[in-house]
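Peer 1:
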Amino acid sequence: MNLIVDAIAWILDPAHYGGPNGIGVRLIEHLWISVVSLVIAGAIAIPAGFLIGHTGTGRAAAVLVSGGVRALPTLGLISILGLSIGIGVQAPIIAFVVLAIPSMLAGAYAGFEAIDRRIVDSARSVGMTEWQIVGRVELPLGLPLLIGGIRSATLQVIATATLAAYISGGGLGSFIFLGLRTNDYTQMLAGSILVIALAIAFEGAFSALQRLVVPAGVRAGQRTKVRSGSPRSAAEAE
Amino acid sequence: MIEFRSVTKRFPGGTVAVDDFNLVLPSRKTTVLVGSSGSGKTTLLRMINRMVDLTSGTIEIDGEDTSALEPVALRRRIGYVMQNSGLLPHFTVIENVATVPVLNGVPRKRAFSDALALLDTVGLERSLADRYPSQLSGGQQQRVGVARGLAADPNILLMDEPFGAVDPIVRDELQQELIRLQRELDKTVVFVTHDIDEAFLIGDQVVILEQGGRIAQVGSPSEIMADPASDFVSSFIGADRGKRALSIRHTERGAVLVDGFGRAAGVLVEGVAVASVAVESEESTSS
């Protein structure tokens, strides 16, 4: 209990905010690493997930690849990448991209697959182009599940971004690794609390966003028939 | 006019849904494709707007081969009404109705005011315009579906079992509305159903289909009823049994029509209805 009080006191100590190893700089580094990783992962996984969800093909391959990638230990990946491309921020970012892709991919295609096939068929019958079907029908209706996927990816990346400090990448993990090396458990715990607080803040923001993006007409109605075997809640179950 | 010429559809699995199908659907008339499941009726309908591609043969609309047309452009000039309305759940009623005009580049404001007028046409209150489909009854949703099908003022309206999922009372109402609309709007309607009563009620031309899209008989409802082409047709329309096998029984008070169960079904009224609209005479024959 004393340790937690000490850790909170450590966080509140104004002396720990300034300088290159202050909480302010480390927090910004942590956010920057996370956001860059998530943006890159999203740029890869979301279009791929939309393609799988829209065409209904390639899901088996996606599940296989995601499953395999998920089994990779991030720390091991950072070590191997660090050995080949050197210490710094690049290796962790690549590892976090790999970490974030499966959840985002699943969220993107599950969102499309959860849409009643008859709705898509009817959009096509009245003369929507494939792009219009994606943009005006599948995207708005699949958005809640996509946000769910982004939400779990964000949570994983923010928590795991502590490992960036393992090879001098910076971020809030610096306090943890520094504390570990100097037997400064107060600092270690303070670092952990900061990471947890950040993760919880994002979690809260995303859960609000996820509720917000449910289209009004869908919120007013009830759920409908989906393509058989569809992992409607795959993204939420991450 | 829509013309099917030697149309064949073989699905990837090898199932032949339709084989060497030939048919002319006259302009400004309602043609009903009626058959049980597996008769290829929905496949035939969906081939007209290229939602299903032909394996061989051609379909012409007013002499134009549809395979030469761009599918999206073709679909936008053909109205389509499906079972369970097929409305977009995240669009309001008015947005659903205005979908096709908006896609065609009609300014939103004009598309919406046209759509409001269409709500009147299909018998819906304008106050429903801002509701979502899930807030409407099944019958109301179906009316919105019809309004959406009419929004781009197409010459052709395809209807795929549009009244299949609503209760019988609402279905009666919608059928009468469709007959009224057709009298006002004069579209070329292609209507798919498995319900022979509905086919006789709505169709100017009725096409009875056997398995695999083989035509058992084509004709007006009265032609088919008066002279079924085969045993299949007579059993399908129920001419050999029940309520359609009417006979005249002479009683003390005059002649009565009785059905196959011996129940009084109506009376013969002479000298009326011959000159009136064909649809109306069909109505009195089948009900």
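Sequence order for the protein chains is Z and R.
Each residue of the first sequence is one higher than the one before, counting from 1 in my numbering.
Each residue of the second sequence is one higher than the one before, counting from 1 in my numbering.
Even for Gly, the Cβ is constructed at its ideal location relative to N, Cα and C.
Flag G86(R) as yes if its beta-carbon sits less than 7 Å from any beta-carbon of chain Z, otherwise no.
Peer 2: Along the second sequence, read from residue 1 onward, the residue named residue 86(R) stands at position 86. It does; some Cβ of chain Z falls within 7 Å.
Peer 1: According to a CB-to-CB cut-off of less than 7 Å, which residues of the segment 14 to 33 of chain R neighbour chain Z?
Peer 2: From the segment 14 to 33 of chain R, no residue has a Cβ closer than 7 Å to chain Z.
Peer 1: What does F91(R) reach in chain Z if we use C-beta pairs closer than 7 Å?
Peer 2: Indexing the second sequence from 1 puts residue 91(R) at position 91. Ordered by position in chain Z, the residues that pass the 7 Å Cβ test against F91(R) are G217.
Peer 1: Counting only the same chain and skipping the five closest in sequence on each side, list residues whose C-beta sits under 7 Å from that of I85(Z).
Peer 2: Residue mapping note: residue 85(Z) aligns to position 85 of the first sequence, counting from 1. Once the five neighbours on either side are set aside, the close Cβ partners of I85(Z) are A91.
Peer 1: Taking 7 Å as the CB-CB cut-off, is A235(Z) touching chain R?
Peer 2: For the purposes of this step, residue 235(Z) is identified with residue 235 of the first sequence, where counting begins at 1. At A235(Z), the pLDDT of 39 sits below 50, so the modelled position is not reliable; the number obtained from the coordinates is stated separately. False, the Cβ-Cβ gap to chain R never drops below 7 Å.
Peer 1: Around the C-beta of D65(R), are 16 or more other C-beta atoms found within 10 angstroms, so that it is buried, or is it exposed?
Peer 2: Working through the second sequence from its first residue, we reach residue 65(R) at position 65. Flag for D65(R) reads exposed.
Peer 1: So S6(R) is in the beta strand (DSSP E); what residue range does that whole segment cover?
Peer 2: On the second sequence, position 6 is the one that residue 6(R) refers to. I2 to R10 is the extent of the beta strand (DSSP E) around S6(R).
Peer 1: Using a Cβ cut-off of 7 Å (strictly closer), state whether V97(R) contacts chain Z.
Peer 2: Here residue 97(R) refers to the residue found at position 97 when the second sequence is read from its first residue. Not one chain Z Cβ lies under 7 Å of V97(R).
Peer 1: At the 7 Å Cβ level, is V189(R) part of the contact set with chain Z, yes or no?
Peer 2: In the second sequence, counting from the first residue as 1, residue 189(R) sits at position 189. Chain Z contact via Cβ: absent.
Peer 1: So what's N183(Z) in DSSP terms, helix, strand or just coil?
Peer 2: Position 183 of the first sequence, counted from the start, is the residue given in the question as residue 183(Z). It is coil, neither helix nor strand.
Peer 1: I want to see whether chain R comes within less than 7 Å of T129(Z), judged by CB atoms only; does it?
Peer 2: The residue given as residue 129(Z) occupies position 129 in the first sequence. It does: the Cβ of T129(Z) has a partner Cβ on chain R nearer than 7 Å.
Peer 1: For the candidate residues V195(Z), A9(Z) and A48(Z), whose alpha-carbon lies nearest to that of S66(Z)?
Peer 2: In the first sequence, the residue the question calls residue 66(Z) occupies position 66. The option with the nearest alpha carbon to S66(Z) is A48(Z).
Peer 1: Report yes if the C-beta distance between V126(Z) and T99(R) is below 7 Å; otherwise report no.
Peer 2: Against the first sequence, residue 126(Z) aligns to sequence position 126. Against the second sequence, residue 99(R) aligns to sequence position 99. Going by C-beta atoms, V126(Z) is nearer than 7 Å to T99(R).
Peer 1: Within 7 Å (strictly less), CB to CB, does M82(R) reach chain Z?
Peer 2: Position 82 of the second sequence, counted from the first residue, corresponds to residue 82(R). Yes, its Cβ sits closer than 7 Å to a Cβ of chain Z.
Peer 1: Under 7 Å between C-beta atoms, does M1(R) make it to chain Z?
Peer 2: In the second sequence, the residue the question calls residue 1(R) occupies position 1. Answer no: the Cβ-Cβ gap between M1(R) and chain Z never drops below 7 Å.
Peer 1: With a threshold of 8 Å on Cβ separation, who are the neighbours of D20(R) within its own chain once the five nearest residues in sequence on each side are excluded?
Peer 2: Translated into positions along the second sequence, residue 20(R) becomes position 20. Around D20(R): S6, V7, T8 and G57.
Peer 1: Any beta carbon from chain Z within less than 7 Å of M159(R)'s own beta carbon?
Peer 2: The residue labelled residue 159(R) in the question sits at position 159 within the second sequence. No, because no Cβ of chain Z sits closer than 7 Å to the Cβ of M159(R).
Peer 1: Within the 7 Å Cβ cut-off, does R143(R) reach chain Z?
Peer 2: Residue 143(R) sits at position 143 when you count from the first residue of the second sequence. It does not: the Cβ of R143(R) has no partner Cβ on chain Z nearer than 7 Å.
Peer 1: Skipping 5 residues on each side, what residues in its chain have a beta carbon closer than 7 Å to that of V69(Z)?
Peer 2: Position 69 of the first sequence, counted from the first residue, corresponds to residue 69(Z). The answer, listed in chain order, is V98, I101 and P102.
Peer 1: Whole beta strand (DSSP E) runs in the segment 77 to 142 of chain Z with 3 or more residues, listed along the chain?
Peer 2: Segments of the beta strand (DSSP E) lying fully in the segment 77 to 142 of chain Z: there are none.
Peer 1: Please list, in chain order, all residues of the same chain as R256(Z) whose beta carbon is under 6 Å from its beta carbon, the five residues on each side excluded.
Peer 2: This structure cannot settle anything about residue 256(Z), because the visible part of chain Z is limited to 1 through 238.
Peer 1: Answer yes or no: do G148(Z) and Q210(Z) have a C-beta to C-beta separation smaller than 7 Å?
Peer 2: Your numbering for residue 148(Z) matches position 148 in the first sequence. Your numbering for residue 210(Z) matches position 210 in the first sequence. Cβ atoms of G148(Z) and Q210(Z): closer than 7 Å.
Peer 1: If you compare alpha carbons, which of A111(R), L33(R) and G86(R) is closest to Q140(R)?
Peer 2: The sequence position of residue 140(R) within the second sequence is 140, counting from 1. Measuring from the Cα of Q140(R), the nearest candidate turns out to be G86(R).
Peer 1: Output the residue ranges of the alpha helix (DSSP H) runs that lie fully inside the segment 188 to 223 of chain R and measure 4 residues or longer, sorted by chain position.
Peer 2: List check, alpha helix (DSSP H) in window: 196 to 202.
Peer 1: Assign K109(R) to one of two classes, buried (16 or more other C-beta atoms within 10 Å of its C-beta) or exposed (fewer than that).
Peer 2: In the second sequence, the residue the question calls residue 109(R) occupies position 109. So K109(R) counts as exposed.
Peer 1: What's the call for T55(Z), buried or exposed, on a 16-neighbour Cβ count within 10 Å?
Peer 2: If you number the first sequence from 1, residue 55(Z) lands on position 55. By the neighbour-count rule (16 or more Cβ atoms within 10 Å), T55(Z) is not buried but exposed.
Peer 1: Under 6 Å Cβ to Cβ from R126(R), same chain only, skipping five residues before and after it: list those, please.
Peer 2: Sequence index remark: in the second sequence, residue 126(R) carries index 126 (1-based). Cβ within range, chain order: L116 and L119.
Peer 1: Is it the case that the Cβ atoms of S79(Z) and V157(Z) are separated by a distance below 7 Å?
Peer 2: In the first sequence, counting from the first residue as 1, residue 79(Z) sits at position 79. In the first sequence, counting from the first residue as 1, residue 157(Z) sits at position 157. Not closer than 7 Å, so no.
Peer 1: Would you mind telling me which residues of chain Z sit closer than 7 Å to M47(R), beta carbon to beta carbon, in chain order?
Peer 2: Within the second sequence, residue 47(R) is the residue found at index 47, counting from 1. Within 7 Å Cβ-Cβ: nothing; M47(R) doesn't reach chain Z, min ~12 Å.
Peer 1: Any Cβ of chain Z within less than 7 Å of the Cβ of R108(R)?
Peer 2: Position 108 of the second sequence, counted from the start, is the residue given in the question as residue 108(R). Judged by the 7 Å Cβ criterion, R108(R) is not in contact with chain Z.
Peer 1: So, for A264(R): in the same chain, excluding its five sequence neighbours on each side, which residues have a beta-carbon less than 6 Å away from its beta-carbon?
Peer 2: Position 264 of the second sequence, counted from the start, is the residue given in the question as residue 264(R). Around A264(R): V256 and V258.
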